[in-house]
Amino acid sequence: MKETVEFAAQSPDVEQPYAELGLKKDEYQQIKEVLGRRPTSAELAMYSVMWSEHCSYKSSKVHLRKFGENVTDEMKENLLVGIGENAGVVDIGDGWAVTFKVESHNSPSYVEPYQGAATGVGGIVRDIISMGARPVAVMDQLRFGAIDHPDTARVLPGVVGGISGYGNSLGLPNIGGETVFDSSYQGNPLVNALAVGVMRHEHIRLANASGTGNKVVLFGARTGGDGIGGASILASESFDDSKPSKRPAVQVGDPFAEKVLIECCLELFRAGTVEGIQDLGAAGISCATSELASNGDGGMHVNLEEVLLRDPTLTPEEILMSESQERMMAVVRPDKLDEFLAITDKWEVEASVLGEVTDTGRLVIEWQGDIIVDVPPRSVAHDGPVYDRPMSRPSWTEATRANTVDAAGLAKPATDDELRQTVLDLAASPNLCAKDWITSQFDRYVQGNTALAFPDDAGVIRVDEETGRGIALATDANGRFSYLDPALGAQLALAEAHRNIVTAGARPLAVTDCLNFGSPEDPEIMWQFAQTVEGLSSACVDFGIPVTGGNVSMYNQTGTTAIHPTPVVGVLGVFDDVLRATPSGWRSPGQTIYLLGTTQDELDGSAWADVVHGHLGGVPPQYRPEDEKLLGEILINASRDGMIDAAHDLSEGGLAQALVESALRWGTGARIWVTELLERDGIDLFTALYSESTARAIVAVPRSEEVRFSDMCTARGIPFVRIGMTDVGDDEHPNALEFVDHFSIGLEELAAAHQGTLPRQFG
Amino acid sequence: MSARVAMDTATPLVGGTGETGTIPGAQELTIGVVQFPGSLDERDAMRAVTLSGAQAVALWHGSESLFGVDAVILPGGFSYGDYLRCGAIARFAPLMTAVVDAAKGGMPVLGICNGFQVLCESHLLPGALIRNDHQKFVCRDQDLVIENAETAWTRDFAAGQTITIPLKNGEGGFVADTPTLDRLEGEGRVIARYHELNPNGSQRDIAGITNEAGNVVGLMPHPEHAVEAGFGTDSALGMRAGVDGQPFFTSVLTSLLQK
C-alpha cells in the first residue's frame, strides 16, 4: 500500500519508526495532533529532520530569545536584517551592506574530516549567497584534541585539506581563524566556518515564497543518496561506539559545482529573476520547501518527481531528507521563468520547476499522482517542539574555582634562565605556535582585496575599490575560561574579538556566534549554555553591537565527557579606508613600544598554567568592557590618524607572546625594559609577561608621532607605559627580543621554536 | 552567446581606481581575460590590466570570437574543477580554438597558474604541471628571478632581476622530458625561476616559460595579485606594498605599441 495522506488517515495504527529517526514519543504525538492523523512516512521524514536539535534549536530557543530581548536602539542602528534569516545584514555605509555568519560542521568533520570540513565551507557560503550577497571571504575556527594524539593526526590534515580543497576552489580568500588543541575536544573536534558577503542595500534577498502562482525552482547539483539524514541525525546524537559506522551519512562536496552556482546565482539576482531564495543545507528539500512556504504566503504545491536525481532508485522520503550539496531553491515569477532558465543554462546549471506557491496555507507534496505530504508548513519549519530543559550548576564548580594557581602552588620560573626557557616553551606550545603549516594551504590573495590576513589580529577586506571602504573580521573563544565560568567566558570571548577588531583599527559593528556545547539533556551542560547566552547577550549590550545571526551545536560529547563550552564569537568591524589597517608586526627599528592598559595578577586558566602545568582552575581574568571601549577609541584614532605603525592585542600568553609575535612577523626585534611597568602595577616580571589581564594592547609608535600619541592617551585617561624600543641589532648585538637586565633570545632561535611545532607534528 | 555577457559578472568590484597608466596610447589597447567555469582570478587579472592603463575585456569560454582584443590572458582558478587533469577540459572550450590560432599568429597570450596549465594542454607550451611534490596546496610570497626579459610579457623587467609575487597552487610542479628541458634552457625560454626555495618541486626551479616566438608565456605564480599597493606582497616598502607583478602587464602594452 502506498504511504499516501489518504492511506495514513485510514490506517492510524501502523507502527512508525519515529524513535529510529530521532523523534521522542511525545514529539511523535505532537505531530499526530498537528495533522489530526498519523503522518505519512514522507511527513515523518520531514518532521524528524526539521525537529532535530540541529534544525529546530528546540533546546536552545528559549535561551536564544535573550539576544532579541536585550537590544538597544544603538545596537539596531546598523542592522538591516536580524536573526532568523539565513544570515543577518549590516549597513557599513555608502549604500553597502555586509552579511556574515559562523556555523558548525563538527560531527561530519569527525566522521569524515575532509568532506565534513569541505561541505562546512560550502554550506555557510550558500547561506551568504541566499541573502543576495557576493561572498568575499571565509575563516575557520578549529578545535582539535591533543596535538600528539593519534586521532588528531587523522582529523587535522583531513580538515585542513578539506577547507583548502573546497575553499580555494571557490575563489574566496581565507583571511583568519583559530586553531586550538585541547584534550577536551578529543573525539569531538569542532569545525566552525565563517563566511562574509557584500552587496548593495537594494540587492538584499530574503528566504520567502510569496505570490500565489510563482514557480518553485530547484537548481544546482542533482539530488543523490549522500547525507541522507546527515547533519540532522549526526548532530543530534552523541557518538557511541556501540552503533554502526555513520560514514555514508556524510555529504560529499563538489567545489566546482558550488563555484558555478555562486556565479549563476549572482547573475540571477542581477537580472531580477528571483523573488525569494533558500539554500539547501541540513534537511535538504524538507527544510527549503517548509521554510520558504512558512515565510511567505503560507502555501506551496510541489511534485517530487520533478526533482532531478543522481540515483533514480531514491524513495520520496530519501529525496526529502537528502543533504546533497550545491543546491538552491528559488521562487520565480512565471513571466521571469524563461529568463531565469536561460541564465542557469548559460552556466550549465541544471534546474527543474518543482511546483508553485499557493494560498492554501498547506505544503502539499505529490509523488506519482498521490499526495504524500499535506502539512501546515509552519508546523514543520518554525512551530516545532521547544524545551525549557532542566539546568543545574555543576557540582564541581566551586572546587574548581577554588583551585587557583596560587592554591595549587604551581611553580613559577624563579630565575631569568627559567623565564627565558618559559618564553621559548610557550612560543612553541601547540596553541601559541605559528599556524603557517595550516594557513599556507589557504589562498589569502584571490579577489585582490585582502588588506590584512593571518597571522594579524583581524582579517581585513576592501569592499569598495573606489573609496577603500571595507571590513574587518575576527573570531575568538577561550574554552578554558568558559569551563571555569561560562558567562564570563562568553563575555571575554566577545571582548577579545572586539579587541582584535579595534587593534586592526576598525570600528566594531556586529556580532555572530557559534555556540558549541555538549548534550542539552545533561542539566549541567544546559546550565553552561544558559550562562553563556546570558553572558554574551549582556556583553553585546555593554559594547553596543548586536548578534545578527549564528548557530548552535549541541551534543559535542562522547559518553558523559563533554567538550569545554566553546562560544565562538565573531565581530565585524568597518573601515572608511582599509589602507589604514594596522598590522601586528614591527617593521622598523627605533620605534617606541607602549603597553596600553593595566596588568593584574591574573594567571588562572592562562596559557602558562596549561602549557607548563596542565592546570585548569581558579577564576578567569576580569571582564572590563569600559576599559575595552576606551582602548578601542585609542586604537581606532591612532590608526585613522596614522600615529602607530603596529598594534597587537594581548590575550593568550599575555605580554610575552604578543612581543614574540610582533617581533617574528617581519623579523624585527626589540629591547624591552619593564621597571616602570612593574612599579606602576605592583607585579613581578613573570606576572607582567604571562598574566592574561584584558583590555590591553601593545603599539609601536614612530618617533615623529610620540608626542601626539602620548598626548592623546593622557587626554583620554588610558593607562600607558613605555616598555621598549624596536631594534634589529647591529654588528655587536644580534637581532633579538631582549628583556634588558634579564635575558635575550635571538630571533632565529625564537623563530625556530615558534615555527617548528606544526611541521614537526604533521610533516 | 555574447562574449561580453561575462563583463557584467565582473562589476561592481573590478578596476575601481580608473587610473590610465603612463604609457601613451595604452588606453586604446584591449586585453581579453577569459572566464572558464571555475576560473577564480579573472577579476584580479582584469583589475591588473585596468591599472596598467589598458582596457580589460571579459571573454566567455563559450564564445568563438576574440572580439578584436589585442592580447589574451588565461587566468588562474580551477577550470571545470580541474577534475580530469588541470586545464584538460578548458583546452576544448570553443574560445580556445580562436586563442590558439591567434597565438600562432603572434598575439600575446599569458597563462597564469591554471592558464599556464591550459596553455600546456593546448600544446602552445611544452611540458606539464603536476601535483606539488609535498602534496599540499601552497600559498606564499614567492621570490623569482626573471631570466628572459625579452618576451611580450617580460620586457619591462631586467634579466636577472629578483621579484616577489604571490604563488598559490596545488598542481604547480613543472615537468618535461630532459631534451625538452635542455631545449627550453638552451633557447632562453625559461622566463622565470624560483629563487632560493622551490615551492612545488618544479624541475630546474622553472616558474615560467615562453614559446619560440616569445609571445606566449605561461607562469605559475600570480603577478595579478601584486599590482596594487596595500593588496600585494609584503615588501621593503611596507606591508602588502609589493607591486612586482605590474611589469608583466605593462610589458605587453609596450610590445603592442611598438608593433
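Chains as they are written, first to last, in the numbering used here: chain A, 2 to 764; chain B, 893 to 1151. Here a beta-carbon is modelled for each residue, glycine too, at the ideal position from N, C-alpha and C.
| Check | Outcome |
| --- | --- |
| Cβ pair Leu80 of chain A, Val217 of chain A closer than 8 Å | no |
| Option in A:Trp97, A:Leu656, A:Leu759 with minimal Cα separation from Lys436 of chain A | A:Leu759 |
| Straight-line gap, Gly747 of chain A to Leu427 of chain A (C-alpha atoms, nearest Å) | 16 Å |
| Where Leu759 of chain A falls: helix, strand or coil (DSSP) | helix |
| Gln1034 of chain B (DSSP reduced to helix, strand or coil) | strand |
| Local conformation of Pro109 of chain A per DSSP, three classes | helix |
| Residues that Tyr972 of chain B contacts on chain A, provided the C-beta gap is smaller than 8 Å | Phe257 |
| Proximity of Ile472 of chain A and Ile205 of chain A at Cβ, strictly below 8 Å | no |
| Three-pair Cβ contact test at 8 Å for the region 673-682 of chain A versus the region 395-410 of chain A | no |
| For Met51 of chain A and Gly385 of chain A, believed in contact at Cβ under 8 Å, the rounded distance | 6 Å |
| Nearest residue (CA-CA) to Leu1036 of chain B, options B:Tyr1086, B:Leu1016, B:Gly960, B:Ala1050 | B:Tyr1086 |
| Under 7 Å from the C-beta of His1117 of chain B: neighbouring residues of chain A | Tyr446, Gly449 |
| Endpoints, the alpha helix (DSSP H) within which Phe687 of chain A is located | 686-691 |
| Within chain B, the residues that Val261 of chain A reaches when beta carbons sit closer than 8 Å | Pro929, Gly930 |
| For Tyr484 of chain A, the first and last residue of its enclosing alpha helix (DSSP H) | 480-485 |
| Top-ranked residue by Cα proximity to Ala511 of chain A, from A:Thr562, A:Glu466, A:Ala478, A:Leu573 | A:Leu573 |
| Presumed contact (8 Å Cβ cut-off) between Ala980 of chain B and Ala946 of chain B, rounded CB distance | With 8 Å as the limit, Ala980 of chain B and Ala946 of chain B do not qualify as a contact, their Cβ atoms being about 30 Å apart. |
| Through-space distance from Thr423 of chain A to Ala754 of chain A, alpha-carbon basis | 11 Å |
| C-beta contact flag for Ala701 of chain A and Leu636 of chain A at 8 Å | no |
| Within-8 Å CB hit, Asn169 of chain A to chain B | yes |
| Reference Glu934 of chain B, options B:Asn1092, B:Gly968, B:Gln1053, closest by Cα | B:Gly968 |
| Chain B contact for Leu580 of chain A (CB, 8 Å cutoff) | yes |
| For Ile129 of chain A and Ala1041 of chain B, the rounded distance between their alpha carbons | 44 Å |
| Contacts that Gln765 of chain A makes with chain B (C-beta to C-beta distance below 8 Å) | Residue 765 of chain A falls outside the range modelled here, since chain A spans only 2 to 764, and no answer is possible. |
| Cβ of Pro584 of chain A within 8 Å of any chain B Cβ | yes |
| Beta-bridge pairing of Pro1 of chain A - partner residues as DSSP gives them | Chain A is shown only over 2 to 764; residue 1 of chain A falls outside these bounds and no answer can be derived. |
| Within 8 Å, strictly: CB atoms of Val741 of chain A and Ser61 of chain A | no |
| Simplified DSSP assignment, three categories, for Asp389 of chain A | coil |
| heavy atom of the ligand ZN below 7 Å from Met392 of chain A C-beta | With respect to the ligand ZN, the structure shown offers nothing to examine, as it has no ligands at all. |
| Test: Gln762 of chain A CB closer than 8 Å to a CB of chain B | no |
| Classification of Ala1099 of chain B by the beta-carbon crowding that lies within 10 angstroms, buried from 16 upward | buried |
| Test item: CB-CB of Gly1110 of chain B and Gly1124 of chain B under 8 Å | no |
| Limits of the alpha helix (DSSP H) - the one that Met76 of chain A falls within | 74-77 |
| Where the alpha helix (DSSP H) containing Tyr29 of chain A begins and where it ends | 26-36 |
| Below-8 Å beta-carbon distance, Gly172 of chain A vs any chain B residue | yes |
| Closer than 7 Å at the beta carbon, the chain A residues around Lys1060 of chain B | Asp444, Tyr446 |
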